[in-house]
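Per this note's numbering, the very first residue in the sequence shown carries number 107; after that it's consecutive.
Just so it is clear, CB atoms sit at the ideal spot from N, CA and C, and this is done for glycine as well.
The structure under discussion appears below in the form of structure tokens.
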Amino acid sequence: MHKNVRGRCQPGLWQVSSAKGSRFLASFSRDESGTTMVLYVLTFSVLLLCGAMAVDYGRAVHEKNDEQAALDAAVLAA
107 MHKNVRGRCQ PGLWQVSSAK GSRFLASFSR DESGTTMVLY VLTFSVLLLC
157 GAMAVDYGRA VHEKNDEQAA LDAAVLAA
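Encoded structure:
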């Protein structure tokens, strides 16, 4: 604590800003607006990624099967 001109104690600047910051963080942690949107975006992103990977894997398996069929036909023709 610092003493002002009249000899009274007053908090230092860092103490005031720290108190304001802690009040802001406390109000931020209590505020739940928008949490549903964040959860929705995260869930949708994961589901979209899983869907894209499933399509990619399916196309790779299909391509592998086509190549195997062509190889089998070439071996039987020879």
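For Ala184, the three-state DSSP class (helix, strand or coil): coil
In this structure, how does DSSP classify Gly164 when only helix, strand and coil are distinguished? helix
Between the CA atoms of Asp162 and Ala175 - distance to the nearest angstrom: 20 Å
Pairwise C-alpha distance: Ala158 and Asn171: 20 Å
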